Amino acid sequence: MIEQVLLFTLLTSFLVAVVSSPFFIPFLRRLKFGQSIRDEGPKSHQKKSGTPTMGGIIIVLALVAGTYAMTAKFFSVTAETHLLLLVTLGYGLIGFLDDFIKVVKKRNLGLTSKQKLLGQLVIAGLFYWGLADLGLSTKIMVPGTDFDFDLGWFYPIFVLFMLIGASNAVNLTDGLDGLLAGTAAIAFGAFAVLASNMLHFEAAIFSVAVVGAVLGFLVFNAHPAKVFMGDTGSLALGGAISAIAILTKMELLLVIIGGVFVIETLSVMIQVTSFKLRGKRVFKMSPLHHHYELSGWSEWRVVMTFWLVGLLFASLGIYLEVWL
Numbered sequence: 001m002i003e004q005v006l007l008f009t010l011l012t013s014f015l016v017a018v019v020s021s022p023f024f025i026p027f028l029r030r031l032k033f034g035q036s037i038r039d040e041g042p043k044s045h046q047k048k049s050g051t052p053t054m055g056g057i058i059i060v061l062a063l064v065a066g067t068y069a070m071t072a073k074f075f076s077v078t079a080e081t082h083l084l085l086l087v088t089l090g091y092g093l094i095g096f097l098d099d100f101i102k103v104v105k106k107r108n109l110g111l112t113s114k115q116k117l118l119g120q121l122v123i124a125g126l127f128y129w130g131l132a133d134l135g136l137s138t139k140i141m142v143p144g145t146d147f148d149f150d151l152g153w154f155y156p157i158f159v160l161f162m163l164i165g166a167s168n169a170v171n172l173t174d175g176l177d178g179l180l181a182g183t184a185a186i187a188f189g190a191f192a193v194l195a196s197n198m199l200h201f202e203a204a205i206f207s208v209a210v211v212g213a214v215l216g217f218l219v220f221n222a223h224p225a226k227v228f229m230g231d232t233g234s235l236a237l238g239g240a241i242s243a244i245a246i247l248t249k250m251e252l253l254l255v256i257i258g259g260v261f262v263i264e265t266l267s268v269m270i271q272v273t274s275f276k277l278r279g280k281r282v283f284k285m286s287p288l289h290h291h292y293e294l295s296g297w298s299e300w301r302v303v304m305t306f307w308l309v310g311l312l313f314a315s316l317g318i319y320l321e322v323w324l
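The sequence shown begins at 1 in my numbering and counts up by one.
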């Protein structure tokens, strides 16, 4: 039965995204909600200026529709689903405000870093409050082993760090047409498999709903993109995937399944650190996907390569959790 539920969930969220996009994209265009391209980015990206952004609204609406439709029909909507949606909608709202300020002021700067961090902390705090009410264990499992360790009082800080870190890491990956949509579909697909295997059916349904939503969005976001998800989508997806990892007690496995997001973040950290200490850059541009662009790779080649790497990381994560 659960296989059928997951399939229906995937189809529901996919269809909602595909059907709503042709109506929503022209609406964004009429409102002149176009993306401002940063001057320091690759010059080839300047032609993308004006492409409708805030398409993450499509993803969020589709995943909410898929999640609620199937969970309410076949199960009961519990606190676990509400917590997943709290983080997704909360982080999506922060991203929406960031995008809205950018398009209204016609610049590439939205919320300040402090404003964004404050919003992320508030949502993360509410999420942990819900976790505490559920009585979730403070133990962390080491992937591929039977070993675990208890973080105790440090666990709340760990949860805050995970949510903020993951949302920003996923946000950094959103730099090329279809890059984040594809890697997110792969990562959430892996968590859907693992959550279902662990009988966390609500988390599995939510994960599959996200997969359907981003695949439906990818129809219009693949190169050349007709719409960008913006921070509305990237922050929502980052918050969602970390919330799933926490609720299913696969916190450390997120580092493996989300390996592409980790690598993108590390490339930025390495670049900044090297430039501050040595006055030299390690990469031609960070995040890492821009380095390959400036090395002569086509945008589609970079995206396909990162999708493949994401698939390898996801497969490794499933292998460590299921077969070891």
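Glycine included, C-beta positions come from ideal geometry on N, C-alpha and C.
Note that the coordinates shown come from a computational prediction; the quantities given were computed from them, not determined experimentally.
- Assignment of beta-bridge partners to Asp150 by DSSP yields Lys139.
- Distance from the CA atom of Gln271 to the CA atom of Ser286, rounded to whole angstroms, is 7 angstroms.
- Counting C-beta atoms within 10 angstroms of its own C-beta, Ser298 has fewer than 16 neighbours from the protein chains shown and is therefore classed as exposed.
- Glu299: member of the alpha helix (DSSP H) spanning Glu299 to Ile318, first to last residue.
- Linking Met162 to Gly258 through their CA atoms gives a straight-line distance of about 12 angstroms.
- A Cβ-Cβ contact shorter than 8 angstroms links Leu218 with Gly182.
- The shortest C-alpha to C-alpha distance from Ile59 to any of Phe100, Phe154, Ser13 and Leu28 is the one to Ser13.
- In summary, Tyr91 is buried, with 16 or more beta-carbon neighbours lying within 10 Å of its beta-carbon over all protein chains present.
- Inter-segment contact for the region 145-157 and the region 196-203 is absent: fewer than three beta-carbon pairs are separated by less than 8 angstroms.
- Of the residues Asp98, Gly125, Lys102 and Tyr128, the one whose Cα lies closest to the Cα of Gln115 is Asp98.
- Shown here, Thr265 sits in a helix according to DSSP, grouped into three states.
- Annotated as proximal: Gly238 and Ala169, with beta-carbon spacing under 8 angstroms.
- Secondary structure of Pro224 (DSSP, three-state): coil.
- Looking only at Asn171, Val16, Phe154 and Phe75, the smallest Cα-Cα distance to Ser242 is reached by Asn171.
- The beta-carbon separation of Val87 and Gly216, rounded to 21 angstroms, does not stay under the 8 angstroms limit for a contact.
- The continuous alpha helix (DSSP H) containing Met162 extends over residues Tyr155 to Thr173.
- Under the three-pair Cβ rule at 8 angstroms, the region 276-286 does not count as touching the region 305-322.
- Counting C-beta pairs closer than 8 angstroms gives three or more between the region 244-261 and the region 202-210, which meets the contact rule.
- Boundaries of the alpha helix (DSSP H) around Gly189: Leu179 to Asn197.
- Secondary structure of Lys280 (DSSP, three-state): coil.
- Taking the Cα positions, Val18 is about 29 angstroms away from His290.
- Relative to the Cα of Pro224, the nearest Cα in the group Val103, Ile57 and Gly175 belongs to Gly175.
- In the three-state DSSP reduction, Thr81 falls in the helix class (H, G or I).
- The beta carbon of Leu134 sits closer than 7 angstroms to those of Ala79, all from its chain and outside the five residues before and after it, given in chain order.
- Look at Met70 here: in three-state DSSP terms it is helix.
- Distances from the CA of Gln120 to each of Ser137, Phe75, Lys105 and Ala166 were compared; the closest alpha carbon is that of Ala166.
- A distance below 8 angstroms separates the beta carbons of Met70 and Phe8.
- Residue nearest to Leu6 within the set Thr265, Ile25, Glu202 and Tyr155 is Glu202 (criterion: CA-CA distance).
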